[in-house]
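The numbering of the sequence shown is our numbering, which starts it at 1331 and goes up by one. Where is the CB? At the ideal position from N, CA and C, for every residue including glycine.
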Amino acid sequence: MQDKYNPSEIEMAVQSIWGQKDAYRVSEDPSKKKYYACSMLPYPSGKLHMGHVRNYTINDMLTRHLRMNGYNVLMPMGWDAFGLPAENAALKNNVPPAKWTYENIAYMKKQMKAMGLAIDWSREIATCDPSYYKWNQWLFLKMLDKGIAYRKTQTVNWDPVDKTVLANEQVIDGRGWRTGAVVEKREIPGYYLKISDYAPELLDQVQHNLPGWPDKVRLMQENWIGKSEGVRFAFMHDIKNEQGHLLNGGRMYVFTTRADTLMGVTFVAVAPEHPLAEYAGQRDAKIADFIVRCQQGGTTEAELAVKEKEGVNTGLFVRHPLTQELVPVWVGNYVLMTYGDGAVMGVPAHDERDFAFAIKYSLPIKDVVGVEGKDFDVTQWHDWYADKGAGVAKNSGLFDGLSFKDCVDKVAKELESLGLGEKKITWRLRDWGISRQRYWGTPIPIIHCEDCGAVPVPEKDLPVILPQDLVPDGSGNPLNKCDSFLRVACPTCAKPALRETDTMDTFVDSSWYFMRYCDPNNDDKMVDQGAAYWMPMDQYIGGIEHAILHLLYARFWTKVMRDLGCVQVD
Ligand code: ANZ
Ligand code: ZN
């Protein structure tokens, strides 16, 4: 025993013995108790930072402690190696992203080794390796086959500088999170995963089946899934198009969580992309202008919430379902096309946004919920106006005196008997758009043929390999200029066709890597016996910043793996 700790001597000596013995390599041993300590997959940005050191040290201590207590402990490591920063670095330094990435991996691995972490390096994975992303492609094709993946055109947030679609969280104050460029809305085709179908299950899991998770994370995920109970119903109208057909069959639907305030409606507001807005825009340049202006800037709910409420009167009217009164239709910048029906009933007395809107445009305000001892003041907003638990209906004819719940029930019944609507649960969770107009990611395994359309790459031709040597030049995706990648024969009719050049969101990569560590070299199955032994993880250490979407997507992805029979365990 030396009485002085001399790191350069002792660490080197010990680590070389560990290396010779392959001391931290583990295999599935049913006779021992297993423990799986996983760390969030690092992005190979260049050098380790203190956050990495902290996280890996926690798992390292745990691993060593449990090993000494006879456990069979797996502590793997890998690289979240696809994504934008590699392309940006490539652009700056004129080197292919692959080179930059692999050099960073080598450097960071050296740093981790110097730390003496008890990692089983035989299980190392890099998500940019074809042996890994092949399985992204494989599962995507299975999802496509089952209808869980689908192609559609949708309005997206477009960053004009990076020339890419941004997720809502990547738009900050109407600007791209990285470039600071004003975000535009664009219509482009892309692939989506039907995570919305899984919303009830995911919510149930968040609420009841994630022992040990911090409440903060639970709440964020709950809000993200966003279950909302309300009523969906139609305002009737007789607005006709050129051919004399009623627009949307003469029905303008809204979703409301406050059906009890139906008698307080003084206007309706539709999203700028709503068919009625479009109709009005075609007939009035001022309205068209307004719609275009709304299309610039941020589209997220958070952004719309802080934006000044603005609108324009369409001159159109719909009918109140119970009083038959004419209600004016406005276009409102605070109405989202992607939520509910893209239209709201405006109740200025009890909704803060509607209140601001009504004040600004001098629309009538009619209060229909009374709270004892408090007087409504039309000139000023008070939070109690929106407190649904506090009062009873008033100025509402046959609903007067009813509490919130009773009133909603009665209004819903009334609307139902008129054939106009019913109670409905609306979810905030949107389907997961996985297409990125980017080079450095998993190629989406699709071939576009003029005759056959979008044809899935046959399973035997997987993986679709991403060229490693392209250098982005800032003018969009270099795959579009790479003939050796781009030009292929159509798998169906053999005519010349073009490969899809969009790649997958890197959240796909990080949605299942923790399972791949269990069967890292399996070329026949995505995951297999190793996962059956090691999963579920016993300990996961990751950053809170990923806690909402990332983990939600991972649970969805692995759920689909389970549903499709790729994996037997949680
Ligand atoms: C009338 C009303 C009166 C509302 C009132 C609220 C208070 P959550 O809880 O988030 O589901 N809404 C519906 N669709 C919308 C859209 N596409 N864009 C923007 N707002 C929309 O919110 C539901 C409420 O959000 C709905 O209930 C509707 O406004 C609005 F005193 O209807 B409410
Ligand atoms: Zn074809």
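What number of angstroms, rounded off, separates the C-alpha of I1569 from the C-alpha of L1646? 8 Å
If you draw a straight line from the alpha carbon of V1708 to that of Y1715, how long is it in whole angstroms? 10 Å
Just to confirm my understanding: we take V1403, look at its own chain, exclude 5 residues before and 5 after, and list those with CB closer than 6 Å. What are they? Y1365, T1393, L1396 and R1397
Return the chain-ordered ranges of every alpha helix (DSSP H) run that is complete within the segment 1552-1630 and spans a minimum of 4 residues. 1605-1613 and 1615-1625
By the 10 Å Cβ neighbour count, where 16 or more other Cβ atoms means buried, how is M1380 classified, buried or exposed? exposed
Supposed contact pair I1449 and D1407 - C-beta distance, whole angstroms, cut 8 Å: Rather than Asp, the amino acid found at residue 1407 in this sequence is Met. Their Cβ separation, rounded to whole angstroms, is 5 Å, which keeps M1407 and I1449 in contact under 8 Å.
Does at least one heavy atom of ligand 2 sit under 7 Å from the Cβ of A1784? no
Output the boundary residues of the alpha helix (DSSP H) element that contains I1435. P1427 to M1445
Ignoring anything shorter than 4 residues, give me the alpha helix (DSSP H) runs that lie fully in the segment 1452-1531, in order along the chain. 1460-1476
Selection from L1728, V1659, L1796 and G1721 that minimises the alpha carbon distance to R1768: L1796
Just the C-alpha distance for T1772 and I1518, rounded to the nearest angstrom, thanks. 19 Å
Thinking C-alpha only, which one of D1854, V1722, N1434 and R1548 is nearest P1372? N1434
Any heavy atom of ligand 2 closer than 7 Å to the beta-carbon of T1822? yes
How far does the beta strand (DSSP E) with A1827 in it extend, from its first residue to its last? P1826 to R1829
From which residue to which residue does the beta strand (DSSP E) around V1661 run? L1656 to G1662
With 16 other Cβ atoms within 10 Å as the buried cut-off, status of A1635: exposed
Express the C-alpha separation of A1436 and L1666 in angstroms, rounding to a whole number. 46 Å
Go through the segment 1825-1870 residue by residue and report every complete run of the alpha helix (DSSP H) that reaches 4 residues or more, in order. 1836-1839, 1843-1846 and 1859-1864
Classification of L1882 by the beta-carbon crowding that lies within 10 angstroms, buried from 16 upward: buried
Over the uninterrupted alpha helix (DSSP H) stretch that includes M1675, give me the two end residues. Per DSSP, M1675 belongs to no alpha helix (DSSP H); it is in the beta strand (DSSP E), A1673 to G1676.
Would you tell me roughly how many angstroms separate the C-alpha atoms of W1409 and D1853, rounded to the nearest one? 19 Å
Proximity of T1587 and E1552 at Cβ, strictly below 8 Å: no
From W1468 to D1791, what does the alpha carbon distance come to, in whole angstroms? 10 Å
Compute the minimum distance between the beta carbon of M1675 and the heavy atoms of ligand 1, and state whether it is under 7 Å. yes
Segment limits, beta strand (DSSP E) that includes Y1883: First-last for Y1883: L1879 to D1893, but that is the alpha helix (DSSP H), not the beta strand (DSSP E).
Would DSSP call Y1354 helix, strand or coil? coil
Limits of the alpha helix (DSSP H) - the one that E1744 falls within: F1734 to S1747
Name the DSSP bridge partner or partners of A1819? P1826
CA-to-CA distance, A1479 to F1470, given in whole angstroms: 7 Å
Just the C-alpha distance for R1548 and R1760, rounded to the nearest angstrom, thanks. 18 Å
Kindly examine ligand 2 and report whether one of its heavy atoms sits closer than 7 Å to the Cβ of D1791. no
Counting only the same chain and skipping the five closest in sequence on each side, list residues whose C-beta sits under 7 Å from that of L1523. M1473, I1478, A1479, D1761, W1762 and I1764
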